[in-house]
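Chemist: If you scroll down you'll find the structure; I have some questions about it.
Protein chains: 2
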Amino acid sequence: MADGAGDGPQLPFTTDEYADRLDRVRTAMAAAGIDLLVATDPSNMAWLTGYDGWSFYVHQAVVVPMDGLPLWWGRMMDTHGAKLTVHLPHDRIVGYSDDHVQSTERHPHQHLAALLGDHGWADARIGVELDNYYYTAAAHQHLVTGLPDATFVDATALVNWERAVKSEREISYMRCAARIVERMHRRIVELIEPGMPKNELVAEILHTSAMGVEGAGGDYPAIVPLLPSGADASAPHLTWDDRPFASGEATFFEIAGCHRRYHAPLSRTVFLGDPPPEILRAEVAVVDGLDAGIDAARAGNRACDIANAFYGVLEEHGIERSGRCGYPIGLSYPPDWGERTMSIRPSDTSMLEPGMTFHFMPGLWMSDWGFELTESILIRDEGPAEPLADHPRQLFVKR
Amino acid sequence: MADGAGDGPQLPFTTDEYADRLDRVRTAMAAAGIDLLVATDPSNMAWLTGYDGWSFYVHQAVVVPMDGLPLWWGRMMDTHGAKLTVHLPHDRIVGYSDDHVQSTERHPHQHLAALLGDHGWADARIGVELDNYYYTAAAHQHLVTGLPDATFVDATALVNWERAVKSEREISYMRCAARIVERMHRRIVELIEPGMPKNELVAEILHTSAMGVEGAGGDYPAIVPLLPSGADASAPHLTWDDRPFASGEATFFEIAGCHRRYHAPLSRTVFLGDPPPEILRAEVAVVDGLDAGIDAARAGNRACDIANAFYGVLEEHGIERSGRCGYPIGLSYPPDWGERTMSIRPSDTSMLEPGMTFHFMPGLWMSDWGFELTESILIRDEGPAEPLADHPRQLFVKR
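First to last, the protein sequences are chains A and B. Note that this note's numbering gives residue 300 to position 300 of the first sequence, counting from 1, and the numbers run on in steps of one. Note that this note's numbering gives residue 212 to position 212 of the second sequence, counting from 1, and the numbers run on in steps of one.
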């Protein structure tokens, strides 16, 4: 329980921490020339206010002015959930009526435009998350049409960037999530065998995920388990079906533990039977590459230094791969557990800072097999990054 | 297994069924004056092509021209998943390079605009799903900028409407989903007791959900279990935490079974201890109201007839409620298992047709408690709708 909680919501963070987040966002708004921010990404809404509910399938937002408290805005029935989860006084929680929902006559963002006008923000410079989740083209058109005197500024990922460096409490939630994902992987290796229908193993993974660990219940990860086998593992984002696991196939398990919406993703690959030489070579290369990447993941280095260290080792092993091999992680809602700011790739020169957390995620998706062995890492004050989970860094083989 | 499957993907439907869907969509396109449709809603993409993967956190689409085969377009690494799941030949599957992903320099919809231009569609009348999931304001801006000679038409929900009437095979998948959700609810009533941490019951729900039933494995529902208790149940969309269930509280369980992405949602409420009179009154009113609504849910009646029948009974019982009390269901991906076309509400005059399926969902969210008792229903050729699940229509009480 948070010490910030009184009679009101059981907040996951102190009110001081929320105040500090708001300060950081306002500094970023000022730098971007924004008077008023409309954040629709559910992860940003939660990070700013504590809001937690599966209501992001309808339009909703947190509105951040430069002075005064933010507004939570959403569907009327969800104002109850907002009152139960956000740190704002009830008069800062505003709902639109249900006849705006999936209506062809009324759009929620017409209501939002009127609300912003009523608050004196009709001619503001308004930052909107043009490319964040759930801010549709229609939402933007209605907001622009409803506020003809406002100026709109692209604020995509503005809040996401402020989430990059984690607080002590955020890190403690991610450590709980790491304990959970370790347990999920142990359970997989314990149970998997040829002939077991895939969905039955998923049942055990999901069970372990929600059970959590002593003192830390499991929350739902922002992505469901991904576990393609054999040739299907050439595709990174397949989920599961009810066909059985087969001998002679590698299956990678891309899963995350989640506690209070904070994630620790971790992937491992399991081979049933005797692995062929190319998969054993992949194991050696990726293990060495992870070592090199983690060693380069230091405060003062750049995101690309991790990627270059990893790709350097892979090249020595004669494996060709390019593109992204990781991204920042933390608080998230579906459809993604990444923060969508930095990328661990050769072109990204973002500076690494203590408290940043990444999923270092160098999957290999070849023409007829796939291999994943990944780590969630924390950039420390000094020295190489700390892997959040403690799980053997190897290919698991069951014969 | 689908009889449409050969050496290629294990399609959930015959190629004839996909061809029929395409015909229906093209007829709707013609009626709307659209030459080319860009469908980004993952449910629409799957319904049109079979595409199945958790890749909707990056930009992707299915492009439907009036003549010739559709295109699947998405991230290069996901073209592998597309080749494994869609009914299109591989030359109709097109990927954009990874340096478009979460980049501030390149946007995937710049790539899409160029692709459409290359296909000779630069001056087409292009239908875009302005308010469907994952079509962001930025995506639209890049497409419009990249195709200055095209005309853009709002095609929000155009494909969704074509999904309303289900085929025999779709209904058979939903019947499997209904068997699954029955089992999930039985497990809840079996296990729930005061003192049990909520996440531990969720673990059992998720386990049962993925296990599925004989011959039909469980897939992931598009919404995670919602199960608020006591005063929290005044809020419809809270998920769970690790606090224990308490005596003297009602908890509603809004959950769905899912098979091959087809859903059968069903909500029931469990009271631990002796329920107070207002909850017993709610039970009687909602059970009677559901009966009346299901009796009105007949081919030839309208969506509003279901709502009016239900609200009529509620009013007789002295309970005030308004707004939506249901929506169409079927194939879905997060964040919603609804189809986002019709609404069961007094203002919706959509005609009910045989084969339509709805979640008739009259939740009561009062100031300090909540009650849900719902049914997934199928409109029949004649007579009242068929509830897909067979689960006692009552408040469950455990003392």
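Beta carbons: idealized from backbone N, C-alpha and C, even for Gly. Everything numeric in this text was worked out from a predicted model, so none of it was measured.
(1) Glycine 81 of chain A and serine 55 of chain A - do their beta-carbons sit closer together than 8 Å?
(2) Whose CA, out of B/Gly212, B/Glu204, B/Val213, lies closest to the CA of serine 209 of chain A?
(3) Express the C-alpha separation of alanine 122 of chain B and asparagine 411 of chain B in angstroms, rounding to a whole number.
(4) By the criterion of Cβ-Cβ separation under 7 Å, what are the contact partners of serine 55 of chain A in chain B?
(5) In the structure shown, what three-state DSSP assignment does isoleucine 306 of chain A receive?
(6) Give me the Cα-Cα distance between alanine 2 of chain B and aspartate 20 of chain B, rounded to the nearest whole angstrom.
(7) Quick check on leucine 84 of chain B: does DSSP put it in helix, strand or coil?
(8) So, with DSSP's three-state summary, where would you put alanine 61 of chain B?
(9) So for valine 181 of chain A, helix, strand or coil by DSSP?
(10) Could you tell me whether the Cβ atoms of isoleucine 294 of chain A and isoleucine 377 of chain A are closer together than 8 Å?
(11) Are three or more beta carbon pairs between the region 153 to 171 of chain B and the region 335 to 353 of chain B nearer than 8 Å?
(12) Which bits of chain A does tryptophan 365 of chain B rub up against, with CB to CB less than 8 Å?
(13) Can you name the residues of chain A whose CB is closer than 7 Å to the CB of glutamine 102 of chain B?
(14) Does DSSP put glycine 338 of chain B in a helix, a strand or coil?
(15) Relative to the C-alpha of histidine 359 of chain B, which residue among B/Gly330, B/Asp348, B/Trp369 is closest?
(16) How big is the Cα-Cα spacing for methionine 153 of chain B and glycine 127 of chain B?
(17) Report the neighbours of methionine 211 of chain A on chain B: residues whose CB is nearer than 8 Å to its CB, in chain order.
(18) Going by CA-CA distance only, name the one from B/Ala30, B/Ser247, B/His111, B/Arg261 that's closest to aspartate 242 of chain A.
(19) Smallest Cα separation from isoleucine 344 of chain A: which of B/Ser103, B/Arg380, B/Lys83?
(20) Listed from N- to C-terminal order along the chain, which residues in the region 155 to 179 of chain B have their beta-carbon within a distance smaller than 7 Å of any beta-carbon of chain A?
(21) Using a beta-carbon distance cut-off of less than 7 Å, what residues from the region 223 to 247 of chain A approach chain B?
(22) Quick check: does the Cβ of valine 63 of chain B come within less than 7 Å of any heavy atom belonging to the ligand GTP?
(23) Return the Cβ separation of glycine 257 of chain B and arginine 179 of chain B in integer angstroms, given the expectation that the two are a contact with Cβ distance under 8 Å.
(24) What residues in its chain sit with their C-beta under 6 Å from that of aspartate 390 of chain A, if we drop five residues either side in the sequence?
(25) Do you know how far the Cα of leucine 290 of chain A is from the Cα of glycine 363 of chain A?
(26) Check tyrosine 255 of chain B in the structure and name its three-state DSSP category.
(27) Any residues in the region 298 to 316 of chain A with a beta carbon nearer than 7 Å to a beta carbon of chain B? Which ones, in chain order?
(28) How many angstroms separate the CA atom of proline 70 of chain B from the CA atom of valine 64 of chain B?
(29) Could you check what DSSP says for lysine 166 of chain B in three-state terms: helix, strand or coil?
(30) If we define contact as Cβ-Cβ less than 8 Å, is leucine 130 of chain B a contact residue for chain A?
(31) If we ignore side chains and look at the alpha-carbon of each, how far apart do alanine 292 of chain B and valine 286 of chain B end up?
(32) Report the CB separation of asparagine 308 of chain B from proline 346 of chain B in whole angstroms; it is logged as a contact under 8 Å.
(33) What do you reckon, are the CB atoms on aspartate 368 of chain A and serine 234 of chain A nearer than 8 Å?
(34) Please name the residue, chosen from A/His111, A/Pro384, A/Asp131, that lies closest to threonine 40 of chain A on a Cα-to-Cα basis.
(35) Is there at least one Cβ from chain A nearer than 8 Å to proline 334 of chain B's Cβ?
(36) Helix, strand or coil for tryptophan 47 of chain A per DSSP?
Modeler: Quick answer:
(1) yes
(2) B/Glu204
(3) Because chain B is modelled from 1 through 399, residue 411 of chain B falls outside the range shown and cannot be assessed.
(4) His237
(5) helix
(6) For alanine 2 of chain B, the pLDDT reaches just 37, beneath the cut-off of 50, and the residue's location in the model is therefore unreliable, leaving the point undetermined.
(7) helix
(8) strand
(9) helix
(10) Contact flag set, yes.
(11) yes
(12) Met77, His80
(13) Arg340, Ser343
(14) strand
(15) B/Gly330
(16) For clarity, residue 153 of chain B is valine in the given sequence; the question names methionine instead. Computed Cα separation, rounded: 5 Å.
(17) Asn199, Glu200, Ala203
(18) A check of alpha carbon separations from aspartate 242 of chain A across B/Ala30, B/Ser247, B/His111, B/Arg261 identifies B/Arg261 as the nearest.
(19) B/Ser103
(20) Thr156
(21) Ile223, Val224, Leu226, Asp232, Ser234, Ala235, Pro236, His237, Leu238, Thr239, Asp241, Asp242
(22) Although the ligand GTP was asked about, the structure shown includes no ligands whatsoever.
(23) 7 Å
(24) Nothing listed; no residue qualifies.
(25) 11 Å
(26) According to the sequence shown, residue 255 of chain B is isoleucine rather than tyrosine. Looking at isoleucine 255 of chain B - three-state DSSP - the assignment turns out to be strand.
(27) none
(28) A straight line joining the alpha-carbon of proline 70 of chain B with that of valine 64 of chain B spans about 5 Å.
(29) Lysine 166 of chain B: coil per DSSP, three-state reduction.
(30) yes
(31) The alpha-carbon separation between alanine 292 of chain B and valine 286 of chain B amounts to approximately 10 Å.
(32) 6 Å
(33) yes
(34) A/Asp131
(35) yes
(36) In the structure shown, tryptophan 47 of chain A sits in a helix (DSSP, three-state: H, G or I).
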